[in-house]
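Number of protein chains: 2
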Amino acid sequence: MRDNQKEQNMKHLLPTWLQHGQYKHALHENIVAGIVVGIVVIPQSLGYALLAGLPPVYGLYAAIIPVLVYAFIGASNTQAVGPVAITSIMTAQALVPFAQAQSSTFIALAAFMALLVGVILVFAAWLKLGWIMQFISRGVMAAFITGAALLIITGQIKYILGLSVQGDTLPHLLYGFWQQYSQINRYALAIGITAITVLWLNRRYSLLVLSKLGVPHYVANLTVKLVPIVVVVLASVAVYQLQLLSYQVKVVGDIPAGLPAFTLPHWPAWQQWQTLFSSALLIALIAFISSASVAKSVALQRQEPFDANKELLGLGLANISAAFFKGFPITGGFSRTAVNLEAGANSPLAGVFSAITMALVLLFASNWFYYLPLAVLGAGVIVAATNLIDLHTLKMAWHSDKTEAWAYVVTLLCVVLLGLQLGLLLGLFFSVGSLIWRSHQPHMAVVGQVEQTEHFRNVQRHHVTTWPNLLLLRIDENLFFGNSESIANRVWFEVNAQPSVKDVVLIFSAVNHIDLSSQWMLQTLEKQLQQRDIKVHFAEIKGFVMDTLINTPLITYWRGSIFSTTQEAADALKPPVKEPEYNL
Amino acid sequence: MRDNQKEQNMKHLLPTWLQHGQYKHALHENIVAGIVVGIVVIPQSLGYALLAGLPPVYGLYAAIIPVLVYAFIGASNTQAVGPVAITSIMTAQALVPFAQAQSSTFIALAAFMALLVGVILVFAAWLKLGWIMQFISRGVMAAFITGAALLIITGQIKYILGLSVQGDTLPHLLYGFWQQYSQINRYALAIGITAITVLWLNRRYSLLVLSKLGVPHYVANLTVKLVPIVVVVLASVAVYQLQLLSYQVKVVGDIPAGLPAFTLPHWPAWQQWQTLFSSALLIALIAFISSASVAKSVALQRQEPFDANKELLGLGLANISAAFFKGFPITGGFSRTAVNLEAGANSPLAGVFSAITMALVLLFASNWFYYLPLAVLGAGVIVAATNLIDLHTLKMAWHSDKTEAWAYVVTLLCVVLLGLQLGLLLGLFFSVGSLIWRSHQPHMAVVGQVEQTEHFRNVQRHHVTTWPNLLLLRIDENLFFGNSESIANRVWFEVNAQPSVKDVVLIFSAVNHIDLSSQWMLQTLEKQLQQRDIKVHFAEIKGFVMDTLINTPLITYWRGSIFSTTQEAADALKPPVKEPEYNL
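So the protein sequences, as listed, match chains A and B.
Number 154 in numbering that gives the first Met the number 0 belongs to position 155 of the first sequence; there are no gaps in the numbering.
Number 381 in numbering that gives the first Met the number 0 belongs to position 382 of the second sequence; there are no gaps in the numbering.
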């Protein structure tokens with residue numbers, strides 16, 4: 000009896016998909032999918048490690064333990080996590096100021112960065128910040144990813160040309176190529192261009208051709224995914240057979256056999272903390288948004304629920320585990336997930352088997368990659384990155400939302416000219432700035448009374464009664480720091496336009512929130528108008544707004560009146576009706 | 000005749016205050032005010048140059064040409080510009096990673112930073128970004144300034160202790176003091192503590208005491224302002240007489256006689272650009288907001304108009320001129336302006352005379368500062384910075400707007416623990432984040448028809464008719480990236496709650512804007528619901544919203560209907576009324 004209960008308790012520690020035995024229905028499919036993903040993502044992972052400034056093997060390390068952790072905690076049944084292009088290049092750009100790429104310091108800092116990103120994500124999960132996936136507008140996100148893709152492609156060209164150009168902006172990279180023009184390695188170039196052509200044609204046309212040949216969709220799909228593996232094998236064989244090493248063609252070289260050992264992350268110097276922390280914040284934001292949006296759209300397709308906070312937690316713990324096993328920041332990848340789904344995965348078990356596959360490769364096949372040319376890894380990354388270029392959103396924005404189109408252009412330019420971090424920050428500011436700009440001239444109307452009724456309407460649109468000593472001003476938006484100055488300016492404008500005014504009534508019928516900055520503005524305004532012998536009053540403050548204001552200095556020390564309706568205000572403040580002169 | 004016209008044309012090139020001869024009314028007052036400001040701000044300027052990491056004399060340089068430029072172009076009649084505490088410490092923190100403080104590289108980079116800040120401000124003026132002064136909420140700004148003041152005070156303690164601690168965060172500085180504890184210079188300490196005590200007592204009580212003694216307010220005010228000069232003189236004399244130089248008391252030392260020469264700013268290496276540019280953006284933002292808010296409140300007091308864009312231009316050109324005359328970033332200062340006003344300034348002529356005074360000091364009195372101990376300059380900066388500490392706003396926010404109180408706490412902690420730039424950025428994100436968070440759950444209501452009328456009301460509050468196949472959902476806020484996902488989630492929630500639904504009508508009666516992200520969300524939602532055989536329709540899209548949407552993919556490819564009223568939608572979509580079974 001007690002044992003049974005204990006078993007029950009133990010069971011609750013397991014993730015839902017294990018508790019409910021969901022994996023049993025399709026054990027076979029998930030094992031196959033896991034193995035396919037494990038094999039297919041090998042060249043990708045090697046390439047992304049290079050992109051992140053690390054020796055290629057670290058890409059494999061980052062795709063073992065974190066994948067297992069995510070399988071047990073993540074929000075998605077089918078999302079495949081691991082190193083992806085965007086977070087890899089962000090990691091590289093964040094660390095380049097502090098260490099030489101591929102150096103042991105760099106490797107240690109990359110692991111520390113994963114730790115920081117992970118801790119930030121877990122902290123965000125604890126604060127239930129899942130809603131933050133709505134923080135970035137579509138245009139800014141698309142522009143950021145497009146800009147990152149352009150930087151990735153340009154950066155990877157060095158492997159195709161056999162050069163060692165460094166730089167994190169487009170002009171910087173192009174200038175590097177210009178300078179090293181004479182040192183281009185034509186063997187690397189030949190391999191690189193061939194690989195790009197094959198991979199691109201494969202991605203573009205293979206599925207079409209195979210379908211026309213009557214190959215079943217599932218098989219065709221897998222074939223397309225496995226072509227990169229074939230390219231990797233053939234290129235390695237070519238390098239070995241043609242003895243291209245003697246022509247300075249760079250290859251992956253020795254990969255230490257064995258699993259990544261548990262390693263405590265390097266603790267950086269205090270001076271580096273600030274910069275690393277701000278980079279980690281941005282990487283965490285982008286990692287979460289990209290992962291959550293993939294996971295969410297998959298969940299919707301499969302009619303499964305999606306919990307953004309659980310996703311934060313899973314991703315955070317996966318990154319923390321990466322930090323302790325020689326990894327670097329990882330996230331959910333669109334293409335990894337697509338492979339996983341197409342291979343038939345429908346539970347996190349697939350992730351477990353992809354990690355096992357990867358581990359077996361590291362244990363028994365690590366020397367297979369010795370002759371793999373870096374040009375092929377570069378080619379793979381370039382072809383993958385072309386898929387990230389999103390001009391469609393710009394085109395759409397141009398027709399649908401000009402501000403957003405400008406946000407796209409500004410972000411893209413800033414990213415390619417100033418680097419990823421600054422570009423993203425400026426894009427975010429532009430986007431938020433346009434939001435504030437849009438509300439910085441809030442709709443306000445001077446109102447008057449519609450004859451014979453209790454209705455008050457805009458004086459510009461209706462025939463209404465007004466009184467020379469009384470200004471009735473309706474504010475149609477919430478008051479916040481972004482529009483409080485504008486509201487004060489508008490009040491001054493109306494007061495100056497109507498010099499006989501002695502009483503101003505601000506009508507809050509459409510106001511749901513008055514923030515600190517606006518409360519301050521109202522107090523200052525009241526004081527300033529007082530100096531001109533003008534009194535300010537409120538009318539129609541909503542009940543729940545009044546509840547939050549009741550103990551604030553604004554209401555406590557308010558010298559004007561607070562009327563419940565505009566009618567009441569008008570009755571109290573309009574000039575007394577003169578007695579008719581002809582008394583009967 | 001022609002000469003006369005020429006003179007007229009020439010006149011238009013002059014600023015308004017010269018054209019209208021406004022200065023003539025009070026020539027005397029403005030000259031006096033200018034000279035007073037010129038003298039009073041000398042120790043301040045020396046101290047702020049030190050704070051910015053420059054030799055003290057650069058504080059005087061920055062208070063000559065830029066002041067003249069601002070006098071001719073700025074938006075304010077009485078604002079006094081020059082080096083101020085906040086921008087000085089921001090400059091120091093921005094440049095410390097690139098050069099040793101006080102080194103020639105550092106000096107050159109400081110001038111370049113002024114150029115960048117100036118160009119950014121002029122560019123902002125050209126784009127008419129004056130409204131950006133509303134970008135930062137009151138709580139975040141107060142917390143940023145408080146945090147900066149704490150860092151300034153802690154940083155200046157090194158001059159009081161005679162140490163050479165570096166660091167741009169509180170823990171870092173405190174650790175520095177801990178380490179160098181044994182090297183404290185007790186002579187510097189004695190001078191510093193005395194100076195702080197005198198300056199603080201003076202600031203706190205002198206005016207009160209003098210008023211009680213019957214000294215006229217104007218004289219009392221000036222006396223208080225001139226006490227720091229007396230402290231400076233006495234301390235210098237003390238150092239000289241007591242031969243404190245032999246006890247390693249640090250002094251200002253040699254100041255080269257003569258005006259700052261025209262110098263082209265140093266062009267930094269490409270790698271430094273990104274970081275310098277992002278720092279310059281933040282300095283420009285803070286410089287503009289502090290300057291504009293001082294200038295605006297003075298303008299309001301004096302019932303003068305205030306043009307934020309003109310302020311941007313004046314401040315920008317002043318900074319650019321600083322860059323070419325050995326300066327560093329400057330802005331309008333609250334205390335400088337207060338001195339100016341109290342001394343009777345009422346036109347920019349006062350600024351001209353303060354610059355002339357400063358120039359005369361540099362030409363003929365530069366050796367007077369040789370024995371001035373740095374401990375006194377530090378004391379001056381510390382006492383000035385205590386005035387920037389603003390806990391009142393936190394207290395107010397705690398009662399009035401809890402979110403803003405949290406924004407204050409987060410910003411303050413980030414500033415003192417992570418440095419000014421990162422602290423400010425995180426504060427801004429927190430502030431904007433809270434804005435998005437507040438609107439991320441937009442108000443939406445399922446509505447039904449009020450019996451016998453054409454009115455549709457919230458089903459939770461009114462007795463209304465609904466139909467099982469029809470979901471009428473009113474959205475009460477503008478659609479933007481920050482709430483589009485939430486809106487989609489709510490629609491799904493309502494659809495799942497009413498499984499018989501076949502038609503969903505989204506009612507846009509309260510919607511003034513639908514941004515790109517939301518258009519995309521609506522299209523995706525429509526596609527997903529279509530897969531469940533549910534149609535989505537729109538109703539009551541406002542005329543001007545429809546105008547902006549008419550050519551967008553959303554409307555062009557929209558498969559549902561677009562009804563002009565909810566009534567129309569209900570009539571078209573509700574199940575046909577069954578014929579009564581008992582036919583007569």
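Glycine residues also receive a C-beta, built at the ideal position from the N, C-alpha and C atoms.
> Near Ile119/B, which residues of its chain fall below 7 angstroms by C-beta distance, leaving aside the five closest residues on each side in sequence?
Replying inline: Closer than 7 angstroms at the Cβ level, and outside the excluded window around Ile119/B, lie Ala279, Leu280, Ala283.
>> For the stretch 126-146 of chain A, list every residue whose C-beta sits within 8 angstroms of some C-beta in chain B, in sequence order.
In response: If the cut-off is 8 angstroms between Cβ atoms, the stretch 126-146 of chain A has Trp130, Ile131, Met132, Gln133, Phe134, Ile135, Ser136, Arg137, Gly138 near chain B.
> Is any heavy atom of the ligand ADP found at a distance shorter than 7 angstroms from the C-beta of Ile195/A?
Replying inline: Of ligands this structure carries none, so the ligand ADP is not represented either.
> So is Trp177/B in contact with chain A if we call contact Cβ pairs under 8 angstroms?
Replying inline: Chain A contact via Cβ: absent.
> Considering only residues of the stretch 210-282 of chain A, which uninterrupted alpha helix (DSSP H) runs meet the minimum length of 4 residues and lie entirely inside it, listed in chain order?
Replying inline: Entirely contained in the stretch 210-282 of chain A, the alpha helix (DSSP H) runs reaching 4 residues are, in chain order, 216-240.
>> Distance check for Ile195/B and Tyr186/B, CA to CA, integer angstroms please.
In response: Cα to Cα, the separation comes out at about 14 angstroms.
>> How far does the alpha helix (DSSP H) with Ile190/B in it extend, from its first residue to its last?
In response: Start and end: 185-200.
> Shorter than 8 angstroms from the beta carbon of Glu590/A to some beta carbon of chain B?
Replying inline: Here chain A comprises residues numbered 0 to 583, so residue 590/A is not present and cannot be evaluated.
>> Taking 8 angstroms as the threshold (C-beta atoms), are Ser433/B and Ala404/B in contact?
In response: Their beta carbons are not under 8 angstroms apart, which means Ala404/B does not touch Ser433/B by this criterion.
> What residue from Ile135/B, Val56/B, Thr565/B, Ile159/B has the CA that sits closest to His454/B's CA?
Replying inline: Of Ile135/B, Val56/B, Thr565/B, Ile159/B, the residue nearest in Cα terms is Thr565/B.
> Does Glu403/A get closer than 8 angstroms to chain B when you measure Cβ to Cβ?
Replying inline: Yes, its Cβ sits closer than 8 angstroms to a Cβ of chain B.
>> I need the straight-line Cα distance from Val351/A to Val66/A, nearest angstrom please.
In response: The alpha-carbon atoms of Val351/A and Val66/A are separated by roughly 7 angstroms.
> Among Ile554/B, Ser205/B, Arg473/B, Ser399/B, which has the Cα closest to the Cα of Thr551/A?
Replying inline: When each option's Cα is compared against that of Thr551/A, the closest is Ser399/B.
> Would a C-beta distance cut-off of 8 angstroms place Arg137/A and Phe324/B closer than the cut-off?
Replying inline: With contacts defined by Cβ atoms closer than 8 angstroms, Arg137/A and Phe324/B do not form a contacting pair.
> Going along the chain, which residues of its own chain have a beta-carbon closer than 8 angstroms to the beta-carbon of Phe287/A, five neighbours each way excluded?
Replying inline: Non-local beta-carbon contacts of Phe287/A in its own chain, meaning distances under 8 angstroms to residues more than five positions away in sequence, involve Leu120, Ala123, Ile131, Met132, Glu310, Leu311, Leu314, Thr330 in chain order.
> Do you know how far the Cα of Ala70/B is from the Cα of Ser87/A?
Replying inline: Ser87/A and Ala70/B: Cα-Cα distance of roughly 51 angstroms.
> With distances taken between CB atoms, is the gap from Tyr158/A to Gly191/A smaller than 8 angstroms?
Replying inline: A contact, by the Cβ cut-off of 8 angstroms.
> Counting along the chain, where does the alpha helix (DSSP H) carrying Gln529/B start and finish?
Replying inline: Going by DSSP, Gln529/B is part of the alpha helix (DSSP H) stretching over 515-530.
> Does the separation of the CB atoms of Leu515/B and Ile474/B fall below 8 angstroms?
Replying inline: It is not a contact, given that the beta carbons lie outside the stated cut-off.
>> What does the Cβ neighbour count give for His391/A, buried or exposed, with the cut at 16 atoms within 10 Å?
In response: By the 16-neighbour rule on beta-carbons within 10 angstroms, His391/A is exposed.
>> According to DSSP, is Ile506/B part of a helix, a strand, or is it coil?
In response: Three-state result, Ile506/B: strand.
> Taking the C-alpha atoms as reference points, what is the distance between Ala25/B and Phe305/B?
Replying inline: Rounded to whole angstroms, Ala25/B to Phe305/B spans 21 angstroms at the Cα level.
> Alpha carbon to alpha carbon, how far is Leu316/A from Ser102/A?
Replying inline: Spanning the two alpha carbons is a distance of roughly 26 angstroms.
> Under 8 angstroms between C-beta atoms, does Val431/B make it to chain A?
Replying inline: Output row for Val431/B: interface = yes.
> Given that Thr551/A touches chain B, what residues does it touch there, using C-beta distances under 7 angstroms?
Replying inline: His398, Ser399, listed in chain order.
>> What residue range does the beta strand (DSSP E) around Ile41/B cover?
In response: DSSP places Ile41/B in no beta strand (DSSP E) but in the uninterrupted alpha helix (DSSP H) bounded by 26-50.
>> Can you find the residues in the same chain that come closer than 8 angstroms, C-beta to C-beta, to Leu169/A, ignoring five residues on each side of it along the sequence?
In response: Counting only Cβ-Cβ distances below 8 angstroms, and skipping sequence neighbours, we find Leu149, Leu150, Thr153, Val415, Leu416.
>> Could you tell me the alpha carbon to alpha carbon distance between Val445/B and Ile513/A, rounded to whole angstroms?
In response: Spanning the two alpha carbons is a distance of roughly 27 angstroms.
>> Contact criterion: CB-CB distance below 8 angstroms. Does Leu241/A meet it with respect to chain B?
In response: Taking Cβ atoms only, chain B never reaches closer than 8 angstroms to Leu241/A, which makes this a no.
>> Counting only beta-carbon separations shorter than 8 angstroms, does Pro574/B have a partner in chain A?
In response: It does not; no Cβ of chain A falls within 8 angstroms.
> So Ala344/B packs on Asn29/B, CB below 8 angstroms; how close in whole Å?
Replying inline: Rounded, the Cβ-Cβ distance is 6 angstroms, consistent with contact.
> Going by DSSP, what residues sit across from Met443/A in a beta bridge?
Replying inline: In the DSSP output, where bridge partners are listed per residue, Met443/A has Ile474/A.
>> I'd like to check one pair, Phe363/A with Val251/A: are the Cβ atoms closer than 8 angstroms?
In response: Cβ atoms of Val251/A and Phe363/A: not closer than 8 angstroms.
> Where does the unbroken alpha helix (DSSP H) through Phe543/A begin, and where does it stop?
Replying inline: In this chain, the alpha helix (DSSP H) harbouring Phe543/A covers 542-548.
> Hey, how far is the Cα of Gly418/A from the Cα of Met89/A?
Replying inline: Looking at the backbone, the Cα of Gly418/A and that of Met89/A are separated by about 9 angstroms.
>> Between the alpha carbons of Ser75/B and Pro255/B, how many angstroms are there, rounded?
In response: The straight-line gap from Cα to Cα measures roughly 33 angstroms.
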